[in-house]
Amino acid sequence: MPSITSLIPVSSGLCPRDVTGIQPRRVGAVNDSVKGKSSAPKDLGALDSCDEHRNEGASREARTSTGESAARNIRLFSKFRLSIRIAAFAALAGAPVALAAGFDLPAKRTDLSEADLKRVADVTRPTTDFSKAEQYEAMQAGGTTSIDPVTEDSFSHISANIPFEEEQNFKLGNALFRRLWVSSPSSTQASDGLGPLFNARSCMSCHVNDGRGKPPEGGPSAVSMFLRLSRAAGTPEEEKTIASADILNFPDPVYGHQLQDLAVPGLAAEGRMTIDYDEEAATLGDGETVSLRRPHYAVTDLAYGPLDPATTISARVAPAMIGLGLIEAIPQADILAHADPDDADGDGISGKAAIVRDHRSGAIVLGRFGWKAQNATVRDQNANAFANDIGISTPDHPDAHGDCTKAEVKCLNMPTGVQKRLGAEEAPGPILDLVTFYSENLAVPSRRKASFPETLKGKKFFYETGCISCHVPKFVTRRDAPDKAQSFQLIWPYSDFLLHDMGDGLADGQQVGLASGREWRTPPLWGIGLTRTVSGHSFFLHDGRARNLTEAILWHGGEAEKARNAFSSLSRDDREALITFLESL
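Here it is in structure tokens:
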């Protein structure tokens, strides 16, 4: 079995033997050079050498000094914001964290020694030196990073450090992820059970090439985009169930949690989503004008009567699938350390933890997946997608009729794909396990041009404008992660995985658990620069309204308004440099 990797620079005079480094065959193919220099280690010895890291503390101090010298021309506002964020990162060494709604969640990591806690706090502190790429920065998912050539399949590669004997499970999960489910009854009994109401026939239908979904753009169906349906609590009892994390919200009494625009033969689909856009001009600091499109959503051709007057609709595109297992391996305490629901530091950035219940154990845990962080684990996310998107039952959601409600009587009378000889559900436990393993081990691609001057210039502006207040650069995963391939990795997701008020412009008016109608989870940015290559488009944000990264930034409001305004005030060249940095991720 290959050794488990760790990408944390050694900061003491000792050479811990559990720091084994990344596989040299993987690193050697990273093409990130400037005049022959690379931001990733060239071989295994670059990580294992005690000599290189013995005086890491002194060299880091020297780099910080260099960074401070380079930062003398930074605007006072930018310096203040960055210093606040650095101070916040220092709290990772063990300071108390703000908890959400009084829930008892861990305030400190329990998987590390005190020395390692300080080491993690040190290595995850934001840099102030933008003269060169940081050590291991190109390997943005640690030892799991894929360095395969950039193609449309760049999001579909297995984590680089998966043991050979586990590759079979990945390939089986991949096959199930791509499986086209069919309606019941069918001669292909292991693949029937679709719907009866559904949005897609396979996981891959929404996550094409394991990438990001998009709006229909005039097409007849929105396969990788759908409408969430819900209403807010209407009574004190309902409010209590949400406050205690017993339920996320309440479905439409007829159409359930999600509008399904497809149905099996003999059954009418629920309805169809329509989108209209208004173009709005946004003027930047140098006078350049950017057109933003504001979407307006409606539902037509409703087959079972009108929506409830209290029902809200919210459009969602499918997110990219990469790095999910690593996100799950980030300790809750490290995410909570960035939460500041009362804005105690006065920087205008709150950050609120999404508190949910584990679907199987019922325990209170941190939500970290989904546009409003409504799911705690990759398995939860997958089980919900099986139930609502495809209409397939799993052990976690055993209802074989999916999102059919009591009001949809004909739907409830349709045949299901449950085969007792195969299991009690249409997708029994082994299927859900394999799809989850596949989802957890889709590798994040390595960075492109991380060392290039234009990229570093853009990185500097990304930090100075305050983007890292929410898009936190680095974390170190748990040493005791269940999947050893994801254990103790230095990763660069550029997200705090917290809920933030994004202002009126992005508000959908839909409460999901503790997330209000103005709050969204900070999405990770790794891989964002490959969206067009993998997914064939460049639509961003939760509903794909932004047609490029500049538009996505200009839609930021609420807690992100200062960062958006700082971006707008940059010169054209500096804005393009910041976009170049994002495209390198």
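Counted from 1, the sequence shown has number 187 at position 187 by full-length UniProt numbering; the numbering is strictly sequential.
For glycine and all other residues, C-beta sits at the position ideal for the given N, C-alpha and C.
Looking at the unbroken alpha helix (DSSP H) that takes in aspartate 122, where does it start and where does it end?
-> Working through the sequence shown from its first residue, we reach residue 122 at position 122. First-last of the alpha helix (DSSP H) with aspartate 122: 114–123.
Close beta carbons around alanine 310, own chain, < 6 Å, minus the five adjacent residues each side | Translated into the one-based positions of the sequence shown, residue 310 becomes position 310. Hits under 6 Å: Arg231.
Sequence ranges, alpha helix (DSSP H) only - wholly within the UniProt domain "Cytochrome c" (453–585), length at least 4 | 453–464, 531–535, 549–554, 561–569, 572–583
Would you mind reading off the limits of the alpha helix (DSSP H) that contains isoleucine 335?
-> Your numbering for residue 335 matches position 335 in the sequence shown. That run of the alpha helix (DSSP H) goes 332–336.
Confirm, please, whether the CB-CB distance from aspartate 358 to alanine 376 is below 8 Å.
-> Position 376 of the sequence shown, counting from 1, holds the residue named residue 376. Position 358 of the sequence shown, counting from 1, holds the residue named residue 358. In this structure, aspartate 358 lies closer than 8 Å to alanine 376 by Cβ.
Just how far apart, CA to CA, sit glycine 517 and proline 163?
-> Within the sequence shown, the letter at position 517 stands for residue 517. Within the sequence shown, the letter at position 163 stands for residue 163. Going from the Cα of glycine 517 to the Cα of proline 163 covers about 43 Å.
Excluding the 5 residues preceding and the 5 following glutamate 440 in the sequence, name in chain order all residues of the same chain whose CB lies nearer than 6 Å to its CB.
-> The count along the sequence shown starts at 1 and reaches residue 440 at position 440. Correct list, in chain order: Leu324, Gly325, Val378.
Roughly how many angstroms separate the alpha carbons of isoleucine 158 and glycine 346, rounded to a whole number?
-> On the sequence shown, residue 158 is found 158 positions in, with the first residue counted as 1. On the sequence shown, residue 346 is found 346 positions in, with the first residue counted as 1. Between isoleucine 158 and glycine 346, the C-alpha separation is close to 42 Å.
Glycine 423 versus aspartate 276 - alpha carbon distance | Along the sequence shown, one-based indexing puts residue 423 at 423. Along the sequence shown, one-based indexing puts residue 276 at 276. Cα to Cα, glycine 423 sits roughly 44 Å from aspartate 276.
Can you tell which of Glu279, Ala281, Val254 has the C-alpha that lies nearest to the C-alpha of alanine 269?
-> Translated into positions along the sequence shown, residue 269 becomes position 269. Cα-wise, what sits closest to alanine 269 is Val254.
Three or more C-beta pairs closer than 8 Å, one from the segment 308–322 and one from the segment 206–220: is that the case here?
-> yes
At which residue ranges does the segment 165–219 contain complete alpha helix (DSSP H) runs of 4 or more residues, listed in the order of the chain?
-> 167–178, 203–206
Hey, proline 196 and leucine 284: beta-carbon distance below 8 Å or not?
-> Stepping through the sequence shown from its first residue, residue 196 is reached at position 196. Stepping through the sequence shown from its first residue, residue 284 is reached at position 284. No, the pair does not count as a contact, with Cβ atoms beyond the cut-off.
The segment 554–570 in contact with the segment 239–249 per 3-pair CB rule at 8 Å | no
Residue range of the alpha helix (DSSP H) that includes proline 236 = Along the sequence shown, read from residue 1 onward, the residue named residue 236 stands at position 236. Proline 236 -> alpha helix (DSSP H) spans 236–243.
Determine the contact status of phenylalanine 581 and lysine 410, defining contact as a CB-CB distance below 8 Å.
-> For the purposes of this step, residue 581 is taken as the residue at position 581 of the sequence shown. For the purposes of this step, residue 410 is taken as the residue at position 410 of the sequence shown. No, these two residues do not count as a Cβ contact at 8 Å.
Pull up the distance between the alpha-carbon of glutamate 576 and that of cysteine 467, whole angstroms please.
-> Within the sequence shown, numbered from 1, the residue matching residue 576 stands at position 576. Within the sequence shown, numbered from 1, the residue matching residue 467 stands at position 467. Looking at the two C-alpha atoms, the distance is approximately 15 Å.
So which of Ser191, Leu172, Ser187 has the shortest CA-CA distance to tryptophan 181?
-> Position 181 of the sequence shown holds residue 181. Of the candidates Ser191, Leu172, Ser187, the one whose C-alpha sits nearest the C-alpha of tryptophan 181 is Ser191.
Among all the DSSP beta bridges, which residues are the ones paired with serine 230?
-> Taking the sequence shown and counting its residues from 1, one reaches residue 230 at position 230. In the DSSP output, where bridge partners are listed per residue, serine 230 has Thr312.
Decide if leucine 530 is buried, meaning its Cβ has at least 16 other Cβ atoms within 10 Å, or exposed.
-> Looking up residue 530 in the sequence shown gives position 530. Buried.
For glutamine 489 versus glycine 173, is the C-beta distance shorter than 8 Å?
-> For the purposes of this step, residue 489 is identified with residue 489 of the sequence shown, where counting begins at 1. For the purposes of this step, residue 173 is identified with residue 173 of the sequence shown, where counting begins at 1. No; because the gap between Cβ atoms is not below 8 Å, this pair is not in contact.
With 8 Å as the threshold, decide whether the Cβ of leucine 248 is near any Cβ in chain E.
-> Of the protein chains in the structure, only one exists, and it is not chain E.
In this structure, does DSSP put leucine 366 in helix, strand or coil?
-> Taking the first residue of the sequence shown as 1, we reach residue 366 at position 366. Note: leucine 366 maps to strand in three-state DSSP.
First through last residue of the alpha helix (DSSP H) which encompasses tyrosine 438 | Numbered from its first residue, the sequence shown carries residue 438 at position 438. Where tyrosine 438 is concerned, the enclosing alpha helix (DSSP H) stretches over 429–440.
Can you give the Cα-Cα distance for serine 186 and asparagine 169, rounded to whole angstroms?
-> On the sequence shown, residue 186 is found 186 positions in, with the first residue counted as 1. On the sequence shown, residue 169 is found 169 positions in, with the first residue counted as 1. Roughly 27 Å between the two C-alpha positions.
Touch check for the segment 413–429 and the segment 383–395: three-plus C-beta pairs under 8 Å?
-> yes
Whole angstroms is fine: what's the gap from tyrosine 438's alpha carbon to proline 331's?
-> For this step, residue 438 is matched to residue 438 along the sequence shown. For this step, residue 331 is matched to residue 331 along the sequence shown. Going by the C-alpha atoms only, they are around 21 Å apart.
C-alpha distance - glycine 503 paired with glutamate 559, whole-angstrom precision | Translated into the one-based positions of the sequence shown, residue 503 becomes position 503. Translated into the one-based positions of the sequence shown, residue 559 becomes position 559. Near 7 Å, if we compare the C-alpha coordinates of glutamate 559 and glycine 503.
Opposing strand residues paired with isoleucine 327 [DSSP bridges] = Counting from one through the sequence shown, the residue named residue 327 turns up at place 327. DSSP lists no partner for isoleucine 327.
So, is arginine 368 buried or exposed, given that buried needs 16 or more other C-beta atoms within 10 angstroms?
-> Along the sequence shown, one-based indexing puts residue 368 at 368. Buried, by the Cβ-count rule.
For the beta strand (DSSP E) containing valine 290, list its first residue and its last residue.
-> Taking the sequence shown and counting its residues from 1, one reaches residue 290 at position 290. 289–300 is the extent of the beta strand (DSSP E) around valine 290.
Identify which residue in Gly557, Ser584, Glu551, His556 has its Cα closest to the Cα of serine 288.
-> Locating residue 288 in the sequence shown gives position 288, where the first residue counts as 1. Inspection of the sequence shows that residue 288 is occupied by glutamate rather than by serine. Nearest option by C-alpha distance: Glu551.
Figure out for me which residue from Asp380, Leu434, Gly351 has the closest Cα to the Cα of serine 361.
-> As a first step, residue 361 must be located in the sequence shown, where it is residue number 361. For the residues Asp380, Leu434, Gly351, the minimum Cα distance to serine 361 belongs to Asp380.
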